[in-house]
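Undergrad: Sequences listed follow chains V and U, in order.
Number 77 in my numbering belongs to position 77 of the first sequence; there are no gaps in the numbering.
Number 84 in my numbering belongs to position 84 of the second sequence; there are no gaps in the numbering.
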Amino acid sequence: KAGVTQTPRYLIKTRGQQVTLSCSPISGHRSVSWYQQTPGQGLQFLFEYFSETQRNKGNFPGRFSGRQFSNSRSEMNVSTLELGDSALYLCASSYGTDTQYFGPGTRLTVL
Amino acid sequence: KQEVTQIPAALSVPEGENLVLNCSFTDSAIYNLQWFRQDPGKGLTSLLLIQSSQREQTSGRLNASLDKSSGRSTLYIAASQPGDSATYLCAVLEDYKLSFGAGTTVTVRA
């Protein structure tokens, strides 16, 4: 079974731009979550989707948004990028409340 | 708000020694607890999942315990090897989200 895939793997953007990250879950998994990882804050929860519905959202500004499609693939969008948005963005998928499987992440650098 | 703490922050041991990593959490109303491994610049690899109703899980050289009432979990790695060098993270699941500790960075010296 293929694992969680994330595209692109690396991104360089400038302040003020927007970015869209994509996540394809493991086949059969309907729950997809997003996390931001930085050296200073560690791993922080962004949001979780199940069957196209957002069930929980972390404490991030409205510039961070996401969605899930009918095939369970998910995207997250960050608008008006700030330097502090530079991070590793990780996506995870799961079947219910079972093991969460993480993708390799997207490394975003904001200049 | 759930707070997850991992002690120690870093650990260096000679090859062959057993590793003991600790994790504590403040709110016991969790679905499960998961231990992950992260290599530098990489994603997270799941090691063990303990459901809230379970006390222990084992996989090969790894054994994890969970005491939900006291808000503690311990990961034991037997007979450590240089390939075990990584950052180990524990996380608790509640309300469809994982809350992570800051991790324990392990170095196994050959």
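Quick reminder that beta carbons are idealized off the backbone N, C-alpha and C, glycines included.
Owing to the predicted nature of the structure, the values given are computational and were not obtained by experimental measurement.
If you run the structure through DSSP and keep just helix, strand and coil, what is P39(V)?
TA: Along the first sequence, one-based indexing puts residue 39(V) at 39. P39(V): coil per DSSP, three-state reduction.
Undergrad: Give the residues of chain V in contact with A86(U), contact being defined as C-beta atoms less than 9 Å apart.
TA: Position 86 of the second sequence, counting from 1, holds the residue named residue 86(U). Within chain V, no residue comes near A86(U); the closest Cβ sits about 14 Å away, beyond 9 Å.
Undergrad: For S53(U), tell me which candidate among K97(U), G16(U), S65(U) and L11(U) has the shortest Cα-Cα distance.
TA: Position 53 of the second sequence, counting from 1, holds the residue named residue 53(U). Closest option to S53(U), Cα to Cα, is S65(U).
Undergrad: Looking only at its own chain, which residues have a Cβ that is under 7 Å from the Cβ of G71(U), when we skip the five neighbours before and after it?
TA: Taking the second sequence and counting its residues from 1, the one referred to as residue 71(U) is at position 71. Once the five neighbours on either side are set aside, the close Cβ partners of G71(U) are S24, F25, T26 and S28.
Undergrad: Check the Cβ of F45(V) against every Cβ in chain U and list those closer than 8 Å, keeping chain order.
TA: Here residue 45(V) corresponds to residue number 45 of the first sequence, with the count starting at 1. Within chain U, the residues near F45(V) are K97, L98 and S99.
Undergrad: Assuming the contact rule is C-beta atoms closer than 8 Å, K13(V) and V110(V) should be a hit. Round their C-beta distance to whole Å, please.
TA: Position 13 of the first sequence holds residue 13(V). Position 110 of the first sequence holds residue 110(V). Rounded, the Cβ-Cβ distance is 5 Å, consistent with contact.
Undergrad: Applying the 10 Å Cβ sphere with the 16-neighbour rule, what's the burial state of F45(V)?
TA: In the first sequence, the residue the question calls residue 45(V) occupies position 45. That one is buried.
Undergrad: Over what stretch of residues does the beta strand (DSSP E) that includes Q18(V) continue unbroken?
TA: The residue given as residue 18(V) occupies position 18 in the first sequence. From DSSP, Q18(V) is part of no beta strand (DSSP E); its letter is neither H nor E.
Undergrad: Could you compute how far the alpha carbon of P82(U) sits from the alpha carbon of Q17(V)?
TA: To locate residue 82(U), count along the second sequence from 1; it is residue 82. To locate residue 17(V), count along the first sequence from 1; it is residue 17. The alpha-carbon atoms of P82(U) and Q17(V) are separated by roughly 42 Å.
Undergrad: For T5(V) versus S31(V), is the C-beta distance shorter than 8 Å?
TA: On the first sequence, residue 5(V) is found 5 positions in, with the first residue counted as 1. On the first sequence, residue 31(V) is found 31 positions in, with the first residue counted as 1. Their beta carbons are not under 8 Å apart, which means T5(V) does not touch S31(V) by this criterion.
Undergrad: Alpha carbon to alpha carbon, how far is Q36(V) from A92(V)? Give it in angstroms, no decimals.
TA: Working through the first sequence from its first residue, we reach residue 92(V) at position 92. Working through the first sequence from its first residue, we reach residue 36(V) at position 36. If I take the Cα positions, the gap works out to 11 Å.
Undergrad: For the stretch 11–37 of chain V, enumerate the residues whose C-beta is nearer than 8 Å to any C-beta of chain U, in chain order.
TA: Cβ contacts with chain U: S31, S33 and Y35.
Undergrad: Are there 16 or more other CB atoms within 10 angstroms of the CB of E48(V), so buried, or fewer, so exposed?
TA: Start at 1 with the first residue of the first sequence, and residue 48(V) comes out as number 48. By the neighbour-count rule (16 or more Cβ atoms within 10 Å), E48(V) is buried.
Undergrad: Relative to the alpha-carbon of A110(U), which residue among W35(U), L47(U) and S12(U) has its alpha-carbon at the smallest distance?
TA: Position 110 of the second sequence, counted from the first residue, corresponds to residue 110(U). Closest option to A110(U), Cα to Cα, is S12(U).
Undergrad: Compare the beta carbon distance of R67(V) and V78(V) with 8 Å and say whether it is the shorter of the two.
TA: Here residue 67(V) refers to the residue found at position 67 when the first sequence is read from its first residue. Here residue 78(V) refers to the residue found at position 78 when the first sequence is read from its first residue. Their beta carbons are not under 8 Å apart, which means R67(V) does not touch V78(V) by this criterion.
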